Structure formats: C-alpha cells, structure tokens
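Residues are numbered in the working numbering as their position in the sequence shown, beginning at 1, plus a constant of 48.
Using N, Cα and C, we set each Cβ at its ideal position, and we do this for glycine too.
As the structure is a computational prediction, the values presented were derived from the model and not from experiment.
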Amino acid sequence: MYKHINLFAFIFSLMTFATNAQDVSSSKETMIKSVKSWAASQTGLTEDSIKVRALDRRLQVPTCPSNFDVSFPYNTSQQTVLVTCPDSQWIAYVGIRLQDNQAGFAYVAAQDAGESVLKSSVKTVKVSGSTRNVVTSLDDITDLLLVKNVEKGQIVLKHHFVKSVTIAKLKKDVLKGSKISSADVIFEPASSKKAAARTLFPKILLNDAI
49 MYKHINLFAF
59 IFSLMTFATN
69 AQDVSSSKET
79 MIKSVKSWAA
89 SQTGLTEDSI
99 KVRALDRRLQ
109 VPTCPSNFDV
119 SFPYNTSQQT
129 VLVTCPDSQW
139 IAYVGIRLQD
149 NQAGFAYVAA
159 QDAGESVLKS
169 SVKTVKVSGS
179 TRNVVTSLDD
189 ITDLLLVKNV
199 EKGQIVLKHH
209 FVKSVTIAKL
219 KKDVLKGSKI
229 SSADVIFEPA
239 SSKKAAARTL
249 FPKILLNDAI
C-alpha cells in the first residue's frame, strides 16, 4: 500500500514539475514579447530586428498577471533592459541585441574599382550595429574612389575607398620639342595608390611646357 502511495506521490510531483515548467516557459515567452514590443516602440525598429537574450535556463520568469514593465536602465546603452513585474516586485536585467539599427548605404548597382560613388549611386539602408566601418555620411567619401569592385546591394564600407588625386593625360600624341598647353590634356581623378609619381604635378607647370 505504501508503495502505491509513494508511486502516486512521485507521479504527482512529476506532473506538478511539468506544469511549472510550462508556466515558466509561457511566462518567459510573454516577457520576451513584451520586451520586443517595448524596444520596437522606443527604437523605431521592427520586432524581428530585436533579439532578446533570455534563453538561459537560470532565468526563471514568474507568471505576471499585469503587463511586464520594461525600461532601459542605462542612459548610454541599449544592450540591456530592466524588466519588472508590478504584482510580485520581480525584476531582471535582460540583454538584447538590436539588429539593423545603424544608418548606412548600399550600392544600387555594381561598380568597378577606380570609380567615384555619387549620391545617386547608393540608397539609404539600416545596417546591423555590429557591422564595422560603415559609411554613415556621403561626406566621408567625397573625392574618394573605389579601391575594389562592388556589387549591387552591398553595404558601403569605408575600406572600399582610397584617396583620389588628379592626374593629367594627353589627348593626343605630341612631338618631342612641341609646346603643350592645358588644351592638350585632360585632368581626371585616379587612385592615389595607382597614380605614378611623374603624373602628379601642379597644373601651372603645363604653361609653355615642351
């Protein structure tokens, strides 16, 4: 008889544990949804762009009859939120990751190395904050040239560019000893890494050059 009672108690304890586990899972899911919804309203991002780091089993989330309160506890960071349950005074600091929260640009068409990138060459996009060297202002690449070929849709990064210089090229062959004027040459930008030193000189030197 005692064996039957002990067996019943054991089975009941398993059922209770399973029920509690389901409650924790359900309440944690509710908390995650609350965090995503609140963070989206604060950042202007979509909920899909917000990842809540709450999968650690040590984070036990109780059932909260009221809505969870969510806030940023630190003025200088959006990587952590403070979650509280007004009914039980339960609190937890939960890590979050904001994806596509950085303003940037993407190429609207493929371009070759040596070309300049204009305002019409790119479109504004949202980029993951973990992406480094993102060009956030077109002023940063003014007078710069592409150092590599880029593809349509690729994010515009600072290391895609190199400083440009102006080089002079003859429009036609000129006989030795003939004078060269500014009308005989064209000036165009070139990569500072590829421009030969002999092509770099003040334009005034072309006056009456032979």
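Check	Outcome
State the DSSP-derived secondary structure class of S185, mapped to helix, strand or coil.	coil
Using a Cβ-Cβ cutoff of less than 7 Å, which residues in the same chain neighbour K33 once the five nearest sequence positions on both sides are dropped?	The structure shown does not extend to residue 33, since the chain is modelled only from 49 through 258, so no value can be given for it.
Between which two residues does the alpha helix (DSSP H) holding K84 run?	Y50 to T91
Say whether chain B places a C-beta atom closer than 9 Å to the C-beta of S164.	The structure shown contains no chain B; it is built from a single protein chain.
Alpha carbon to alpha carbon, what distance is there between S169 and E199?	11 Å
Measure the C-alpha to C-alpha separation of D135 and W86 and round it to an integer number of angstroms.	19 Å
The ligand PLP heavy atoms versus the CB of L130: any closer than 8 Å?	Inclusion of the ligand PLP in the displayed structure is not the case, the ligand content being empty and no account of it being possible.
Can you tell me whether G152 is buried or exposed, with buried defined as 16 or more other CB within 10 angstroms of its CB?	buried
Using DSSP bridges, identify the partner residues of G143.	R101 and T128
How about V156 and F209: do their beta carbons lie closer than 9 Å?	no
Quick check: the Cα distance between K174 and S97, rounded to an integer number of angstroms?	10 Å
Could you check the C-alpha separation between V142 and R105 for me, to the nearest Å?	13 Å
For L223, write down the residues that DSSP places opposite it in a beta bridge.	Answer is none; L223 lacks a bridge partner.
How many angstroms separate the CA atom of N149 from the CA atom of I139?	27 Å
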